[in-house]
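Working notes, beginning with the structure itself.
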Amino acid sequence: MTFGAKTSGSDDLKAIISAISTLVEEATFVATSEGITFRGMDPSHVALIDISWPNSAFEKYECDSDIKFGVRIDEFSKLIKRADKKDSIEINISEQNMLLVTVGKNKKYKMRLIESSATDTPLPKIPYNSKIT
Numbered sequence: 182m183t184f185g186a187k188t189s190g191s192d193d194l195k196a197i198i199s200a201i202s203t204l205v206e207e208a209t210f211v212a213t214s215e216g217i218t219f220r221g222m223d224p225s226h227v228a229l230i231d232i233s234w235p236n237s238a239f240e241k242y243e244c245d246s247d248i249k250f251g252v253r254i255d256e257f258s259k260l261i262k263r264a265d266k267k268d269s270i271e272i273n274i275s276e277q278n279m280l281l282v283t284v285g286k287n288k289k290y291k292m293r294l295i296e297s298s299a300t301d302t303p304l305p306k307i308p309y310n311s312k313i314t
């Protein structure tokens, strides 16, 4: 199992993690060869967030098999916030079930992955005519 992703700047990842942190405490991401996805709903089942981040959005992206990894979003957010605007952020998963986060060139952090209790959240069948990019 090999997974690694590197952003060219920190703004996009900060915005995504900030949006997720307003709804959930734990996030389970799904990484495939095509990119990273996340879907979650707040505890009261009022708000839903569905994020699809294609591999082309990363400076470097490698995923040889589909994997799910869960993180405590508040801890992950604290690590990401340490990045300056121009810092790259690299995320890898180690064999010891740890998330390795490299911010810029010198800041390296380890974070334990969690077994998320979240179930797959289905999308509601409501037609929308707008798209946010």
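If you're matching positions, the sequence shown starts at 182 in my numbering and goes up one per residue.
Where a beta carbon is used, it is the ideal one built from N, C-alpha and C, also for glycine.
Small disclaimer: the values here were computed from a predicted structure and weren't measured.
Compare the beta carbon distance of residue i and residue j with 8 Å and say whether it is the shorter of the two.
i	j	result
Asp231	Leu304	yes
Phe239	Thr188	yes
Leu260	Met292	yes
Ile216	Pro235	Checking the sequence shown, residue 216 turns out to be Gly, not Ile. Result yes, Cβ atoms of Gly216 and Pro235 sit closer than 8 Å.
Does the beta-carbon of residue i have 16 or more other beta-carbons within 10 angstroms, so that it is buried, or is it exposed?
i	result
Thr283	buried
Ile270	buried
Ser233	exposed
Ile307	exposed
At the level of alpha carbons, what is the spacing between residue i and residue j?
i	j	result
Lys241	Ala186	6 Å
Glu243	Arg263	24 Å
Met279	Thr314	31 Å
I'd like the list of long-range same chain contacts for residue i, defined as Cβ closer than 6 Å, with 5 residues on each side in sequence excluded.
i	result
Ser258	Ile198, Ser202
Lys195	Ile261
For residue i, which residues from the same chain have a beta carbon less than 8 Å from its beta carbon, with the 5 sequence-adjacent residues on both sides left out?
i	result
Ser191	Ile261, Ala264, Asp265, Lys266, Lys267, Asp268, Ser269, Ile270, Val284
- Item | Continuous alpha helix (DSSP H) assignments of at least 4 residues falling wholly in the region 241–311 | 254–261
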